[in-house]
Amino acid sequence: MARPSKIKQKTGKKPAAGPNPFGMTYSRQKHSVLGTKRNVPGKPIQKKKESLAMREKTLAVEVANLHKANKIVDKRIGEKNTKLTADERSSQRFIAQRKVATSSKFNLASNADEYTLTHGGRALTTIEKFDRMEGSDSEDDNGALSAEVVARANFGGGDVPINGAEARTGNSRADVLREMIAKSKAEKGARQTEKDQLLDAVDRLDANFASISQKLKPKKPRETVKPKAAQNDAYDRTMNDLKFAAEPKATPVGAAQEGMLVPSQAELEQLQKGSKMATRSTEDPLTGGLNAARENSKINARRPGADVTSLPPPKSTSRKQVRFSEDPEDPADGDDAGAMTSLQIPPRFNDWQNVLLSQASDYEAIIETVKNMAKAHHPSLKEGNKAILAVLLSHLISYYVSTMERYERADATGRAELSEFALKLSDVIYELNKVIPEHGAELLLNFVSRQGKVSLDDENSRNTWIVVLRLLTQLYEIGATFQPLIELGITLIEDSFARAQTALKRRTIPYIQLAEILADIAAKTKRHFPQLLAVLTAAIYQACPISALEGVKSPHPIFGRDKQLFYMTQADDAETHLILRSVFKMVQRLSLLSAASHPESFKCAFSPIARMLPLLPVANYPQELKDIVEEIGAQLNHEMTACGQQMPLSRGEAAVPMLKMLEPVFEEDFNPEHSKWGSKHGHAQQTKKLQQQVRKERKGAIKELRKDSAFIAKRARVVQKRDDSVRKEKVKQLMSGLQGQQSEHVKEKNAEKMNKKKGGFRKK
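With the UniProt record's numbering, letter number 427 in the sequence shown gets 427, and the count goes up by one each step, no holes.
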């Protein structure tokens, strides 16, 4: 006997699949309550499927059968009421029908009203041709219309025989066109006649009013009549514009091309020269002698003579330009525009500098030539001029840097001229940067970023970077709004202070110059720069003798430790004198600024400087430095006394309130054998429990109703989508059929036109 197969033994019914562990949730209660089930697993996914299936069987069927009936329902009035007789049922039905047919809500129609047949919005009884239609002589038709009359009335245009007369025949197409043309001409003639009559009436009224107004107008005595004011000439108008214009503004291109009068540059420079020379102060050999001139240029408005945007772009040489100061017949005055447009800007700086020096002999001519270049390549004249002006701006910045380098090597006379020239050149750069702000910002960003990575030990790169930073503070307004380029310059200066460490006196000058730039920014933005204060503290530390610095904490080692770089042994040490003078001036400015804007941190910030001031060898200083040191010491002591001692912040201790002593309440009918709050199975507890169950059931019912509404809305969307797809398909088929018919119609029409053309050619 063969053994049973093991495979067959293994086969059989599959075990029932267990619940999906990912579709189950476990509710664990925080407190163990007697009589409740603990850790009961829930099946939300299975419950959701079951609820959807239940709604498909019940709610979906009800929605589908809504407004439908599977049997005939007798809705006749009184049919199911066996107490009513046949006459009563007929009477009620007649009353209901009459109420439905009423013309208004409160006005019931009378029995005499009948239905009225209309044609074209008019009753047939008011139309003459239907009232006098020829009747039939036959007695069998019972007043009915004959088939011929019906055919003519309904399908023959409405022409029917009236009193034995034949129906009128329609006009031909030519007759209709002639009638239309005659009617149009008659209407046009009537309109023209009416218009002529209206114009004649207006003319008569105007003439009558003019004759009356001359008589009604009062006459003034001769002695009270004022002489006519003379019109201002071109010079007066120009001077009025200069006197009342608060600030020069850019001239619109359209206004300039229409011939707006613009004052010349020489006149504006002459007006500003007196005020500039009067406010100019003495030079500062360390900072380049431009501090006073730079402050003047920022406090006062920009000079109109350097405003490139306010000057109109030159016109084309093909048109003749006539100014108010020239002769219209003299062609020599219009050569400036041609020369202006012929100026070219080479891409290389050396080539551009050679072209500039070849066309200009002095500083005034150089400024004028640069302005002409800017005007000749104004963005409104030609597309692509912005890129050319960007090249010009790059050349001007490089030329400004070279000018400041020549300023450092010049004598006193040359420095005065170069200072004035650099100020004018910075004004031109400022106005040109306003014309192309996006190119100017990108150019300065690349320039500052590239120079900021160079070490300050390199003299050429160091001087270039410092000059560009000073130019940056002149081109953009500081303090009013956020300027990314100014913030970049501040970051680079602080980074230079952080990684700087030098032990030579001549290499400390660029850091002092950077500190002056940062001090100017701090004075305008009222910000506190701890790196700047650290540099100044380190400089004063280097000016004190080593023997007097016992117990004084060493500041930031930017200038080394124990080097005494700025210790003066003689009063005629000019270099150290200039450095200390600049440092003391910056300390004085920052102390005034910090006392006004940051009084809470003044003592912590300036106490190291106040402790080192008495240690300075004031006996070796010139009288100027002695006065400055005494003034700073008195100022710091006064401000630190005014600020007072700094106390650490602490939270105030609240007073502990006393316990409230309440008098006890005694119950007169106290019974210790009965519970105060009643039994757990009492009426109040049962009512509270039932109320809780009602609230729970109400909450569940609301949730189920919301689910039912969502289910019905989802099914409605599905049905709507299906109906829309069917409708769109039918519309698509209909439109395709119409397009096919239209194409066939067009083909037949074109074929008919071709046949007509061929037939016409044969007739000819």
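Where a beta carbon is used, it is the ideal one built from N, C-alpha and C, also for glycine.
Going by beta carbons, Arg589 and Ala523 fall inside the 9 Å limit. Assignment of beta-bridge partners to Pro608 by DSSP yields no partner. In the structure shown, Pro614 adopts helical secondary structure according to DSSP, grouped into three states. Secondary structure at Thr116: coil, using DSSP grouped into helix, strand and coil. For a cut-off of 8 Å, the C-beta gap from Leu518 to Leu532 is around 5 Å, short enough to register as a contact. Around the beta carbon of Thr473, 16 or more other beta carbons sit within 10 angstroms, so the residue counts as buried. The C-beta distance from Ile367 to Val428 rounds to 6 Å, short enough to fall under 8 Å.
Between the alpha carbons of Glu477 and Asn620 lies a gap of roughly 42 Å. Gly18 sits in coil when the DSSP states are folded into three classes, being neither helix nor strand.
Here the stretch 649-668 does not lie against the stretch 607-615, with fewer than 3 beta-carbon pairs under 8 Å apart.
Pro44 places its beta carbon 9 Å or farther from that of Gly78. The residue from Asn20, His598, Lys68 with its alpha-carbon nearest to that of Lys47 is Asn20. Excluding five sequence positions before and after Leu475, the CB atoms of its chain that fall closer than 6 Å to its own CB belong to Tyr430, Asn433, given in chain order. By alpha-carbon distance to Pro41, the top candidate from Asn372, Phe349, Thr25 is Thr25. Rounded to whole angstroms, the separation of the alpha carbons of Asn385 and Asn354 is 22 Å.
Arg727 sits exposed, since fewer than 16 C-beta atoms from the chains shown fall within 10 Å of its C-beta. When only Cα atoms are considered, Lys215 and Leu198 end up about 26 Å apart.
Distance between Ile490 and Pro484, taken at the CA atoms: about 10 Å. The stretch 88-102 makes no contact with the stretch 727-746, as fewer than three CB pairs between them are under 8 Å. The beta-carbon separation of Val401 and Val448, rounded to 12 Å, does not stay under the 8 Å limit for a contact. In the DSSP secondary-structure assignment, Ala539 is not bridged to any residue. Boundaries of the alpha helix (DSSP H) harbouring Thr525: 509-525, taken from the DSSP string. The Cβ atoms of Val435 and Ala374 sit closer than 9 Å to each other. 9 Å or more divides the Cβ of Leu393 from the Cβ of Thr403. Within the same chain, no residue comes within 8 Å of Thr58 by CB-CB distance, once the 5 residues on both sides are set aside. For His377, the CB contacts under 6 Å within the same chain, skipping 5 residues up- and downstream, are Asn385, Ile388, Leu389 in chain order. Between Ile632 and Phe566, the CB-CB gap reaches or exceeds 9 Å. Under the DSSP assignment, Asp203 falls in the alpha helix (DSSP H) whose first and last residues are 173-216. Secondary-structure assignment with DSSP links Ala123 through a beta bridge to Thr118. Note on Ala210: under 16 other CB atoms within 10 angstroms of its CB, so exposed under the neighbour-count rule.
Under the three-state reduction of DSSP, Pro484 is assigned to helix.
Per DSSP, Pro622 lies in no alpha helix (DSSP H) and is assigned neither H nor E. A residue is called buried when at least 16 other Cβ atoms come within 10 angstroms of its Cβ; Asn372 meets this threshold and is buried. When only Cα atoms are considered, Tyr511 and Phe497 end up about 7 Å apart.
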